[in-house]
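I have placed the structure first, in the form of structure tokens, so that the comments after it can refer back to it.
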Amino acid sequence: MTPRTTRVVCLVRRPEGEPAPGDFAVEERPLPSVGEGQLLVRNLYMSVDPSMRGRLESTEKHYTHNFTPGAPLDGRALGVVEESRCSSVPVGAYVRHQLGWRERAVLDAVDTDGADRVDPRLAPLPTWLGLLGQTGFTAYVGLTRIAGLRPGDTVLVSAAAGAVGTAAGQFARLLGAARVVGTAGGPDKCDLLVREFGYDAAADYRAEPVREALARLAPEGIDVYFDNVGGEQLAAALHSLRTGGRVALCGMMSQFGGERRSADLNQLIQAVLKRLTLRGFIVRDHDDLRPEFERRVACWLAEGRITARETVVDGLENAAGALLTLLDGGNVGKMLVRLDDSD
Ligand code: NDP
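Numbering-wise, my numbering puts 1509 at position 172 of the sequence shown, and it's gapless, one number per residue.
Here you go:
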């Protein structure tokens, strides 16, 4: 029998300053009945994304809706179909969709925000939210279309031990980069970058100014900067970029929340002097590249040429904590919440 309710993670109130555990609560909410063309999905994995930080605010401008106090959060998730009123999606199929942060969801089988089937024989389920999901796709779009990576380039990636960063470093290498340098918080993450993720060198931005580290690790300068953090690291990269260098502006981890904003724009003169190209992007505007991305990355995975890494937290009640951990740098690779590992 179809369950009538589901547990969800709600936003209790907008954070004052940094988000805190008390800003979130797990609550029981009614589940709509499954209409024609719809699916009931039991979520197995939920994606934890830095962009959720901006969506907690009322004023932060965002490319999707902001969260509302009293209402459930949402986000990318992967689940198994428990009930189907769509002939092309059977019970037992695995689908990705946008109604995460809850145990069960009723959603349209085919829609822009509806279900997208995945094949667990091609890759483990978590990989479909990580390397083969929006995360890997963001790295791929940023390097290829936005930064126009060329064989022989020296590439710098910030937040390099995170989800997008571990993908970007490995893809850059396979796409022909001559040297790949990453920045991350702490010596353990920097070791991992070199040992597991194919980086040639890594800088701990907490221990040393990135500008100094780049003078040592990329003395000839960089051609491409894949920017996940903005602020001081962007300023350092502008300084290190060679003439004609390209920057893919992917995200600004250092700029979330009013208090952390800093003005490092005095380095922007470098863009003029060195004829740089700085281009921001939102990955979902580039869906035409998705088939090419899935083909290439599935192939790299099958050949064992790339490593998928996830940090997995168990249980809906620990989901808000997983977001706070991510914002504090406590993840390596893709941060996921696992709701049920019986599948
Ligand atoms: P990550 O897995 O990289 O997690 C975020 C990491 O950011 C943390 O682990 C932490 O690592 C680092 N970080 C946190 N605060 C700071 C800070 N103040 N300065 C520098 N680094 C910090 O997240 P994702 O891979 O999911 O996302 C990476 C970036 O990509 C984000 O900016 C996100 O918004 C962006 N993004 C953009 C998309 C687009 O369409 N443009 C789509 C998807 C993601 P550390 O310990 O190294 O500090």
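Yeah, the Cβ is synthetic: ideal placement off N, Cα and C, and Gly gets one too.
Distance check for residue j and residue i, CA to CA, integer angstroms please.
i: L1459; j: W1438; result: 26 Å
i: A1515; j: C1423; result: 49 Å
i: E1569; j: M1590; result: 11 Å
i: T1449; j: E1557; result: Per-residue confidence for T1449 stands at a pLDDT of 47, beneath the threshold of 50, marking its modelled position as unreliable; no derived number is given.
i: V1428; j: A1446; result: 12 Å
i: R1633; j: G1473; result: 11 Å
i: S1425; j: E1640; result: 31 Å
i: H1623; j: F1593; result: 24 Å
i: A1766; j: T1662; result: Only positions 1338 to 1680 of the chain appear in this structure, which leaves residue 1766 out of reach.
i: A1645; j: L1673; result: 13 Å
i: A1498; j: D1525; result: 10 Å
i: G1666; j: E1373; result: 43 Å
i: G1588; j: G1479; result: 11 Å
i: H1402; j: L1554; result: 40 Å
i: Q1507; j: F1361; result: 35 Å
i: R1675; j: T1464; result: 13 Å
i: V1650; j: A1659; result: 7 Å
i: L1444; j: R1350; result: 26 Å
i: G1485; j: V1492; result: 11 Å
i: L1638; j: E1533; result: 14 Å
Could you check where the alpha helix (DSSP H) with residue i kicks off and where it finishes?
i: Y1477; result: 1471-1478
i: I1606; result: 1606-1610
i: M1672; result: Premise fails: M1672 lies in the beta strand (DSSP E), 1671-1675, not in any alpha helix (DSSP H).
i: C1423; result: Per DSSP, C1423 belongs to no alpha helix (DSSP H) and is neither H nor E.
i: E1569; result: 1568-1577
Between the options, which has its C-alpha nearest residue i's C-alpha?
i: L1626; options: R1482, G1523, A1552; result: R1482
i: G1513; options: G1535, G1522, A1498; result: G1535
i: L1530; options: G1523, A1539, G1522; result: A1539
i: L1377; options: T1491, E1365, L1436, A1656; result: L1436
i: A1500; options: E1533, V1455, V1650, D1386; result: D1386
i: R1487; options: G1470, A1509, A1476; result: A1509
i: A1657; options: P1369, T1342, G1412, R1366; result: G1412
i: E1629; options: A1550, H1434, L1469; result: L1469
i: E1631; options: Q1471, V1346, P1356; result: Q1471
i: P1369; options: M1338, A1442, T1475; result: A1442
Start and end of the beta strand (DSSP E) containing residue i?
i: M1383; result: 1375-1384
i: G1641; result: Segment: none, G1641 is in no beta strand (DSSP E) and carries neither H nor E.
i: T1339; result: Here T1339 belongs to no beta strand (DSSP E), and DSSP marks it neither H nor E.
Apart from the five residues just before and just after residue i, which ones in its own chain have a Cβ nearer than 7 Å to its Cβ?
i: D1490; result: A1514, A1515, D1560, V1561
i: G1694; result: Since the first residue of the chain shown is 1338 and the last is 1680, residue 1694 is not available in this structure.
i: T1580; result: K1611, R1612
Please list, in chain order, all residues of the same chain as residue i whose beta carbon is under 8 Å from its beta carbon, the five residues on each side excluded.
i: G1582; result: G1558, I1559, D1560, V1561, Y1562, K1611, L1613, T1614
i: E1654; result: V1363
Which same chain residues, not among the five before or five after residue i, have their C-beta less than 6 Å away from its C-beta?
i: P1352; result: D1360, L1393
i: V1419; result: It should be pointed out that residue 1419 corresponds to Glu in this sequence rather than to Val. Excluding sequence neighbours, E1419 sits near L1377, R1379.
i: L1571; result: D1564
- Message: Across the stretch 1603-1613 and the stretch 1568-1583, are there enough close Cβ pairs to call them in contact, namely three or more that are closer than 8 Å?
- Response: With the cut-off at 8 Å, the stretch 1603-1613 and the stretch 1568-1583 touch.
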